[in-house]
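Chain order of the listed sequences is C and B.
Quick note: the first sequence uses our numbering, first residue 391, plus one each step.
Quick note: the second sequence uses our numbering, first residue 293, plus one each step.
Beta carbons: idealized from backbone N, C-alpha and C, even for Gly.
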Amino acid sequence: QKEVEQDPGPLSVPEGAIVSLNCTYSNSAFQYFMWYRQYSRKGPELLMYTYSSGNKEDGRFTAQVDKSSKYISLFIRDSQPSDSATYLCAISGSNFGNEKLTFGTGTRLTIIP
Amino acid sequence: SQTIHQWPATLVQPVGSPLSLECTVEGTSNPNLYWYRQAAGRGLQLLFYSVGIGQISSEVPQNLSASRPQDRQFILSSKKLLLSDSGFYLCAWSRGLPNMPQHFGDGTRLSIL
């Protein structure tokens with residue numbers, strides 16, 4: 391079983407829709423959770439960083455963590471064509487190697503105007 | 293603010309030639325530094341990371357090596373490139389504390405002919 395599972399998509403939604411992106415993880419020792427956005431031919435850009443269960447909001451983006459289910463989500467409200475990108479989840483905080491992150495494989499999102 | 297520079301953006305090299313990719317970080321001290329390779333649909337593969345000058349940890353045995361000659365400089369090298377070394381190489385930094393998010397450069401697209 392992979393440490394982090396992420397649906398690769400692709401996911402296409404109309405402009406203005408709410409987008410839900412998800413990851414599951416297997417190790418309950420993971421405590422820190424991140425979401426990155428990656429445009430084509432660019433490096434990943436940090437969107438959200440959280441270490442507690444519950445919701446964290448930043449503008450149109452909400453990160454949700456459910457540690458009991460080992461499930462994390464990123465919601466995008468009022469989606470825009472500029473949100474079209476690949477989204478990667480990342481987690482950290484295992485019992486060893488806490489300088490490192492474990493990444494999902496990414497979900498490719500397209501917002502249709 | 294902190295910035296990360298990675299060059300070149302694109303590189304085409306013949307099989308058997310040497311490689312040197314450079315990454316520098318500005319605006320922070322004692323960062324952790326990372327080299328990743330990203331293959332299409334396969335996520336980010338951590339190649340090397342460093343927590344200090346001259347300290348290199350290798351994650352995957354391969355044809356590549358890394359060096360950190362200065363606090364904010366990280367170099368990825370190879371003596372003889374293989375066709376399988378083609379890919380998108382990303383450098384990243386994080387604060388030198390546990391479980392910190394990483395911040396990425398814009399990558400080098402390496403093609404081996």
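query                                                                                                                                                     : result
Measure the alpha-carbon distance for Ser359(B) versus Ser342(B) and round it to whole angstroms.                                                         : 9 Å
Using 7 Å as the limit for Cβ to Cβ distance, is Leu313(B) near chain C?                                                                                  : no
What residues in the region 428–454 of chain C have a beta carbon less than 8 Å from any beta carbon of chain B?                                          : Arg431, Lys432, Gly433, Pro434, Glu435, Leu436, Tyr439 and Tyr441
What three-state label does DSSP hand Ser469(C) in the structure shown?                                                                                   : coil
Determine the direct distance from the alpha carbon of Lys460(C) to that of Glu395(C), and round the result to whole angstroms.                           : 11 Å
Just the chain C side, please: which residues come within less than 7 Å of Asn322(B) by C-beta, in chain order?                                           : Here the premise fails: no neighbours, minimum Cβ distance about 12 Å.
Please state if the CB of Phe493(C) and the CB of Leu336(B) are separated by a distance shorter than 7 Å.                                                 : yes
Based on DSSP bridge pairs, tell me the residues matched to Tyr461(C).                                                                                    : Thr414(C) and Asp456(C)
Do three or more CB pairs link the region 392–405 of chain B to the region 300–318 of chain B at distances below 8 Å?                                     : yes
With three or more beta-carbon pairs closer than 8 Å as the criterion, would you say the region 476–483 of chain C touches the region 316–331 of chain B? : no
Would you be able to state if there are at least three C-beta pairs under 8 Å between the region 407–419 of chain C and the region 447–466 of chain C?    : yes
Under 7 Å, Cβ to Cβ, is there at least one residue of chain B near Tyr418(C)?                                                                             : Checking the displayed sequence, the identity of residue 418(C) turns out to be Ser instead of Tyr. No, Ser418(C) lies away from the interface with chain B (no Cβ there is under 7 Å from its Cβ).
Quick one: which residues of the region 295–312 of chain B get their C-beta closer than 7 Å to a C-beta of chain C? List them in chain order.             : none
From the beta carbon of Tyr422(C), is the nearest beta carbon of chain B less than 7 Å away?                                                              : yes
Determine whether the Cβ of Leu491(C) lies closer than 7 Å to any Cβ atom of chain B.                                                                     : yes
Which first and last residues belong to the beta strand (DSSP E) in which Leu334(B) is found?                                                             : Going by the sequence as given, residue 334(B) is Arg instead of Leu. Segment: none, Arg334(B) is in no beta strand (DSSP E) and carries neither H nor E.
Could you list which residues in chain B have their beta carbon closer than 8 Å to that of Gly496(C), in chain order?                                     : Gly335
So which residues of chain B does Gly483(C) contact, with C-beta pairs closer than 7 Å?                                                                   : Asn391
If you count every other CB in all the chains shown that lies within 10 Å of the CB of Ser442(C), and 16 or more means buried, which is it?               : exposed
Rounded to a whole number of angstroms, what is the C-alpha to C-alpha distance between Gly379(B) and Trp425(C)?                                          : 23 Å
Could you tell me how far apart the beta carbons of Ile502(C) and Glu405(C) are, in whole angstroms, since I believe they sit closer than 8 Å?            : 6 Å
Considering only DSSP beta bridges, list what Pro404(C) is partnered with.                                                                                : Ile502(C)
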